[in-house]
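K.L.:
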Amino acid sequence: MITDTDCTPRVTYPERRSGLRLNRSEHCFSLVDQIGAQKMKLNQSAALIWELCDGERSVSEITMSLSNIYEVPLAKMLDDVVATLGAFDASDAMRYRLRQYVWRSSSESSRIQYLRISDGMLGLLEQFRALVFDGLRVERVTASDIDLGRAGLERAKANSVSQSTQPKSGVLKFNHLYDHPKYSVLLARIEAGVREIVTDIETTLTVSLCAAYQPGGRMGWHTNDDNPGRRVYCTWAETDRSNFFRYEDPDNNAINTDWESRGWTIKTFYLPPKPDQLWHCIQANSLRLAIGFAEAQFTRVNRLPAVATNVA
Ligand SMILES: [Fe+2]
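Now the structure itself:
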């Protein structure tokens, strides 16, 4: 049984140790303690990283700031930031503050299960996010013509919308990344991480979706009954409870709206074949990233997966 605490997304925020301050001389920077003794020498970018370690910015946010200042691609900047933070950590100049997000209580009847994210997995997902954000032009879109309400659902049912035919707006596939050498390596490592978390996957996993949703983006009601089976989705939301995954419960036809927490979330659910399709749709009011994995072959119907709770 997964508790709400177990599946609360966590993000680490680097925070400077108190009692240390940045000393600037003409050509160099150093960290000095309360009596003025030098603890570490820093170059200019390390000094900047130190100043950004305020316990409020995540590693990705620090990386994005540096990337803008030095005009260096995010993926390359991330390596430098991680190395510098490692040096701070080794010198006991900084600590990682773990922030837990407020999590809604999960319903017993929910068809979605949330998975605990290990720190290692979070690191991979953050690297992926840095890669995706590099060169991504964020634009707010309007998709009011895609009806995610009951009327839109009934229309989709009348038209037997599966996967390929559903309306969507502001959903960007990561096509620009496919030639990036880091892309496939990271995806493979993330897939391996998913397999560690969801231990009863019996078949190979395929990537079912890898996309960014622009703020305002929507994916209309559909079922994926042309490719039924289990899905494991790693999603990232820019702000708390602004994006949702909405589905109609086949048991009672209730429409459930599952608001996503800020940061990374990993969830799993089944998309059954006909006649028990799970009608679902997505709204992103803030920037949203999604990496979805599908079991290659559907072997079980209407059974929630057993989920390991022993992830470190
Ligand atoms: Fe879908």
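If you count the sequence shown from 1, position 60 lands on 532 in the numbering used here, and the numbers rise without skipping. Ideal Cβ positions, reconstructed from N, Cα and C, are used throughout, including at glycine.
(1) For ALA559, name the three-state secondary structure that DSSP assigns.
(2) Whole angstroms is fine: what's the gap from ASP526's alpha carbon to ASN631's?
(3) For ALA628, I'd like the list of residues in its chain whose CB is within less than 6 Å of its CB, leaving aside the five on either flank, ordered along the chain.
(4) Quick check: does the Cβ of ASN696 come within less than 7 Å of any heavy atom belonging to ligand 1?
(5) Buried or exposed, going by whether 16 or more other CB atoms sit within 10 Å of the CB of GLN686?
(6) Exposed or buried, which one is ARG775 when buried takes at least 16 other CB atoms within 10 Å?
(7) Would ILE662 and PHE600 be called neighbours here (beta carbons separated by less than 8 Å)?
(8) What residues in its chain sit with their C-beta under 6 Å from that of TYR742, if we drop five residues either side in the sequence?
(9) Less than 8 Å between the C-beta atoms of LEU759 and VAL643, yes or no?
(10) State buried or exposed for LEU492, treating a residue as buried only when at least 16 other CB atoms are found within 10 Å of its CB.
(11) Using a threshold of 7 Å, is the CB atom of HIS752 nearer than that to any non-hydrogen atom of ligand 1?
(12) Please name the residue in LYS739, GLN755, ARG622 whose C-alpha comes closest to that of ARG667.
(13) Can you list, in chain order, the residues of its chain with a C-beta nearer than 6 Å to that of PRO722? Leave out the 5 residues immediately preceding and following it.
(14) Name the two residues that bound the continuous beta strand (DSSP E) containing LYS645.
(15) What does a CB cutoff of less than 6 Å around ASP697 pick up in its chain, not counting 5 residues either side in sequence?
(16) For ASN540, which of helix, strand or coil comes out of DSSP?
(17) Per DSSP, LEU677 forms a beta bridge with which residues?
(18) Does the beta-carbon of VAL657 have 16 or more other beta-carbons within 10 angstroms, so that it is buried, or is it exposed?
(19) In its own chain, which residues sit with a C-beta less than 7 Å from the C-beta of TYR655, not counting the 5 before and 5 after it?
(20) Using C-beta distances below 6 Å, list every residue in its chain close to PRO545, excluding the 5 sequence neighbours before and after it, in chain order.
(21) ARG496 to ALA519, Cα distance in whole Å?
(22) Select from ASP591, LEU594, ILE618 the residue whose C-alpha is nearest the C-alpha of MET691.
(23) Is the Cβ-Cβ distance between GLU732 and ASN715 less than 8 Å?
(24) Curious, which full-length beta strand (DSSP E) runs of at least 3 residues does the stretch 694 to 763 contain?
(25) Which of the three DSSP states is assigned to VAL610 in this structure?
(26) With DSSP collapsed to three states, give me the class of ARG622.
(27) Are GLY764 and VAL679 closer than 8 Å when you measure CB to CB?
(28) Based on Cα-Cα distance, which residue from CYS682, PHE717, ALA664, GLU543 lies nearest to ASP730?
(29) Near LEU596, what residues of its chain come up, given a Cβ to Cβ distance below 8 Å and the 5 sequence neighbours on each side ignored?
P.N.:
The answer reads as follows:
(1) helix
(2) 52 Å
(3) Closer than 6 Å at the Cβ level, and outside the excluded window around ALA628, lie TRP693.
(4) yes
(5) buried
(6) Because the pLDDT at ARG775 is just 31, under 50, the model does not fix this residue reliably, and the point stays unresolved.
(7) yes
(8) ARG702
(9) no
(10) Flag for LEU492 reads buried.
(11) Taking the Cβ of HIS752 as the reference point, at least one heavy atom of ligand 1 falls within a distance shorter than 7 Å.
(12) The candidate whose alpha carbon is nearest that of ARG667 is LYS739.
(13) ASP748
(14) 640 to 645
(15) SER634, PRO745, LYS746, GLN749
(16) helix
(17) GLU767
(18) exposed
(19) LEU603, LEU649
(20) ASP606
(21) 9 Å
(22) ILE618
(23) Yes, these two residues count as a Cβ contact at 8 Å.
(24) 701 to 709, 715 to 720, 727 to 731, 735 to 743, 752 to 756
(25) coil
(26) helix
(27) yes
(28) Restricting attention to CYS682, PHE717, ALA664, GLU543, the CA atom closest to the CA of ASP730 is found in PHE717.
(29) The beta carbon of LEU596 sits closer than 8 Å to the beta carbons of LEU658, ARG661, ILE662, GLY665 from its chain, once the five residues preceding and following it are set aside; these are given in chain order.
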